[in-house]
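K.L.:
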Amino acid sequence: MDDENMRKNHSIRHLGKVVACYLIILTLCSTIFPVGAVGQQETATVSGRVVDEDGQGLSDINIKVYSSDGSYIQSMRTYSNGYFFIYGLPLGKYTLHFSESDSKYELSIISVSLTSVGQTDLGDIVLLRALRSSSSALSRVERPGNKVLLPFTISNIGEEPEVVEFLVSKPEGWSTKVLDATGEVTKVYLSSGSSLNFQLETRIPSTSTGNNSITLTSVGKTTSTLSFTITVEPSNDSIISCQFPGKAVEPGGTVVFQVRVKNPFGMETRFSVAVDSVPLNWTTFVKSAGGEAVTEVTLDSGESTDIIVEATPTVTAMIGEYKILVKAESSDVKVITFLPLNIHLTEAEEEIEVAATFLEVTAKAGEVVKYPITIINSGETDTRLFISVVEPPTDWKVAFKSDTVEVSSLYLKAGGSENLIVEVTPPSSVNISSYLVQVQVESADGTSSIRLDLKANIIGSYDLSLAPSTLLTSATVGGATTLTAKLTNMGQTPMTSLKLNVDAPQGWDVFITPAQIESLKPRESYTFTIVVEIPDDTVAGDYLLTLTGLSDQAESDKVQIRVTASASTSWGMAGIGIIAVILGGLIVVFKKFSRR
76 MDDENMRKNH
86 SIRHLGKVVA
96 CYLIILTLCS
106 TIFPVGAVGQ
116 QETATVSGRV
126 VDEDGQGLSD
136 INIKVYSSDG
146 SYIQSMRTYS
156 NGYFFIYGLP
166 LGKYTLHFSE
176 SDSKYELSII
186 SVSLTSVGQT
196 DLGDIVLLRA
206 LRSSSSALSR
216 VERPGNKVLL
226 PFTISNIGEE
236 PEVVEFLVSK
246 PEGWSTKVLD
256 ATGEVTKVYL
266 SSGSSLNFQL
276 ETRIPSTSTG
286 NNSITLTSVG
296 KTTSTLSFTI
306 TVEPSNDSII
316 SCQFPGKAVE
326 PGGTVVFQVR
336 VKNPFGMETR
346 FSVAVDSVPL
356 NWTTFVKSAG
366 GEAVTEVTLD
376 SGESTDIIVE
386 ATPTVTAMIG
396 EYKILVKAES
406 SDVKVITFLP
416 LNIHLTEAEE
426 EIEVAATFLE
436 VTAKAGEVVK
446 YPITIINSGE
456 TDTRLFISVV
466 EPPTDWKVAF
476 KSDTVEVSSL
486 YLKAGGSENL
496 IVEVTPPSSV
506 NISSYLVQVQ
516 VESADGTSSI
526 RLDLKANIIG
536 SYDLSLAPST
546 LLTSATVGGA
556 TTLTAKLTNM
566 GQTPMTSLKL
576 NVDAPQGWDV
586 FITPAQIESL
596 KPRESYTFTI
606 VVEIPDDTVA
616 GDYLLTLTGL
626 SDQAESDKVQ
636 IRVTASASTS
646 WGMAGIGIIA
656 VILGGLIVVF
666 KKFSRR
């Protein structure tokens, strides 16, 4: 019995030791493996950086996390440098929404799939600005002085409307403005999702060259920038040129250069023209083609005109080579160009003089103008001379005549002279103005040359003629007669407001059709119809109508038409009847007294 108890007690103690060991092992396991560690769900971390289109970190950007079924999980905001960390996301698929509270940037949605424990780095998440600008042409090649139109579009891809202001950075001296279909704009309103088209107008100074940058900044809640590059290449066209830039003249003579001024710029430009580097005591003039002194020329883009540069050396100037400079300067952008003209002073082998009785004449368009001139060879040798006109006005005819013979050259002995008539015929269509005709007399070898300026002042040519259809007509008293009269503009200038005036005997009615015509060109005619009504009480006989053609500019000579007014036939028959009755009565009386 004691042995059995002893065995039971021993078993109990052994069981206690086993239980104690189990508890110790359980305690250790609970320490090493906390309750719940077995079977815990695996998680991951998502990180990245939110930046703008320039790579700059964006702070305070709101990030919302949604599960694959669209359930909201959590949200957070980026740090000051744009970084973000999302901890403890169970493995699976998620959608991250990145947005900015002021709608400066377009909403960005990123899908993420977490398949392993640890950190998943999304890298840079770029948010697009809500305000965007674009252009189909970011670089152009242009010429100095041109006007350039650069098209661009502004779009609002954000969720809120924008008020956009335009700012332009440009090179010094350049002018710019933003245009829409109606004119210049500086600020516009853009609703969400809308776009507007504009043009950036740029004017390039004539002094600009090389590559030039223009920056257009659209400022709203954010900014959007466009950079344009304009490469300015110098124009190949020169402003001033001369076909014959070198000429010879003797001391005291006048040399004439025809210089062309052209505007190579893309806008209307005014140029001042002058002569520089003139030798001492020489005289120079800049004139228009009509002979007027000019100092400035205004030309449209691409337009050109001719001017005359005259230079007269002194009589005592030394024989040799000389140079003058014609300067053209744009008054607005200060572009200066020079044209050298070479003048060779030669020894005169002959001395030629040309004298004119009249240097300036007033004439009508189409009328022949005559200038008597005398050519004198005051030198010591005989010479042959050629006579010509230097670039006459367009469509003008010039002839040199000795009596009725037209000449182009003559032979003059030393000390001899010759009288000629310079016949100048302007076209009938020439404008009313003053014109210069330059006569040149030059020796056969070209060593001597002299010019004479003749001026023609053209005025209007007005001459109105009147031609009636008849100078004699007749009508019955109480009746009417019809005739016509033709007015002809015999002048060289159009005439206006033409009509007929008819002076008739008192009481007569005159009707003219039409009452007036607006105008007649030179050599053009028009026929009027005249109806004359003769009153019943008019005494039979001859009467005169006086016709005159009238216009705003001139009137015709008076023309008289004789009208024979005859008595009505019914009155004649009555008169014959009365005479017959009287004669019958006389016969009766005569027979009665004869029987007695």
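Numbering (our numbering), first residue to last: 76 to 671. Here a beta-carbon is modelled for each residue, glycine too, at the ideal position from N, C-alpha and C.
1. Check Leu271 in the structure and name its three-state DSSP category.
2. Using a Cβ-Cβ cutoff of less than 6 Å, which residues in the same chain neighbour Ala629 once the five nearest sequence positions on both sides are dropped?
3. Do Ala119 and Gly193 come within 7 Å of each other at the CB atom, strictly closer than that value?
4. Measure how close the beta-carbons of Thr568 and Ala440 come, nearest whole angstrom, since I'm counting them as under 8 Å.
5. Should the segment 171 to 188 be called in touch with the segment 229 to 240, which here means at least 3 C-beta pairs below 8 Å?
6. If I measure Cβ to Cβ from Cys104 and keep anything under 8 Å in the same chain, skipping five residues before and after, which residues do I get?
7. Buried or exposed for Lys337, going by 16 or more other Cβ atoms inside 10 Å?
8. Is Asn417 buried or exposed, if buried means 16 or more other CB atoms sit within 10 Å of its CB?
9. For the beta strand (DSSP E) that contains Ser621, what are its first and last residues?
10. Restricting to runs no shorter than 4 residues, where is the alpha helix (DSSP H) found entirely within the segment 330 to 409?
11. Excluding the 5 residues preceding and the 5 following Gly111 in the sequence, name in chain order all residues of the same chain whose CB lies nearer than 6 Å to its CB.
12. Output the residue ranges of the beta strand (DSSP E) runs that lie fully inside the segment 108 to 175 and measure 3 residues or longer, sorted by chain position.
13. First and last residue of the beta strand (DSSP E) that includes Asp196?
14. Determine the direct distance from the alpha carbon of Glu493 to that of Ala519, and round the result to whole angstroms.
15. DSSP three-state label for Leu661, please.
16. Taking Cβ positions, are Val307 and Thr284 nearer each other than 7 Å?
17. CB of Gly365 to nearest heavy atom of the ligand ZN: below 6 Å?
18. Does the segment 520 to 532 come close enough to the segment 478 to 486 that 3 or more CB-CB pairs lie under 8 Å?
19. Buried or exposed: which applies to Phe108, given that a residue is buried once 16 or more other Cβ atoms fall within 10 Å of its Cβ?
20. Return the CA-CA distance between Gly258 and Leu203, expressed in angstroms with no decimal places.
21. Around the C-beta of Phe332, are 16 or more other C-beta atoms found within 10 angstroms, so that it is buried, or is it exposed?
22. Can you name, in chain order, every residue of its own chain whose Cβ lies under 6 Å from the Cβ of Pro246, other than the five neighbours on each side?
23. In chain order, what are the residue ranges of uninterrupted beta strand (DSSP E) at least 3 long that sit wholly in the segment 425 to 463?
24. Assuming contact is defined by CB atoms lying nearer than 7 Å, are Ser134 and Thr153 in contact in what I supplied?
25. Does DSSP classify Leu546 as helix, strand or coil?
26. Identify the continuous beta strand (DSSP E) that holds Met570 and give its terminal residues.
27. Output the distance between the C-alpha atoms of Val121 and Thr277, rounded to the nearest integer angstrom.
28. Is Thr613 closer than 7 Å to Thr559 when the C-beta atoms are compared?
29. With a threshold of 6 Å on Cβ separation, who are the neighbours of Met76 within its own chain once the five nearest residues in sequence on each side are excluded?
30. Which residues in the same chain have their Cβ closer than 7 Å to the Cβ of Pro467, if we skip the five residues on either side of it in sequence?
31. Buried or exposed for Tyr264, going by 16 or more other Cβ atoms inside 10 Å?
32. Hey, out of Phe241, Thr228, Asn221 and Glu240, whose CA is closest to Trp249's CA?
33. Leaving out the 5 sequence neighbours to the left and right, which residues in its chain are closer than 8 Å to Leu460 when beta-carbon positions are compared?
34. So Val473 is in the beta strand (DSSP E); what residue range does that whole segment cover?
35. For my contact list, Phe346 and Ile314 are in at a C-beta cut-off of 8 Å; report their separation, rounded to the angstrom.
36. For the putative contact between Lys139 and Ser150, defined by C-beta atoms under 8 Å, what is the C-beta separation to the nearest angstrom?
P.N.:
Looking at the atomic coordinates:
1. strand
2. Tyr537 and Leu539
3. yes
4. 6 Å
5. yes
6. With a pLDDT of 43 at Cys104, under the threshold of 50, the modelled position of that residue is not reliable, and no figure is offered here.
7. buried
8. exposed
9. With the sequence shown as reference, residue 621 is identified as Thr, and Ser is not the correct amino acid for it. Element bounds for Thr621: Gly616 to Leu625.
10. none
11. Residue placement at Gly111 is poorly supported in this model, since its pLDDT is 40, which falls under 50; the coordinates still yield a value, given next. Correct list: empty, nothing qualifies.
12. 118 to 126, 137 to 142, 147 to 152, 158 to 165 and 167 to 174
13. Gly193 to Val201
14. 17 Å
15. helix
16. yes
17. This structure simply doesn't include the ligand ZN, nor any ligand for that matter.
18. no
19. Because the pLDDT at Phe108 is just 40, under 50, the model does not fix this residue reliably, and the point stays unresolved.
20. 31 Å
21. buried
22. Asn287
23. 427 to 431, 435 to 439 and 444 to 452
24. yes
25. coil
26. Met570 to Asp578
27. 50 Å
28. no
29. With a pLDDT of 48 at Met76, under the threshold of 50, the predicted position of this residue should be treated as unreliable, though the coordinate-derived value follows. Cβ within range, chain order: n/a, list empty.
30. Val473 and Val512
31. exposed
32. Asn221
33. Ile427, Ile450, Asn452, Ser484, Leu485, Tyr486, Leu487, Val516, Glu517, Ser518 and Ala519
34. Lys472 to Ser477
35. 7 Å
36. 5 Å
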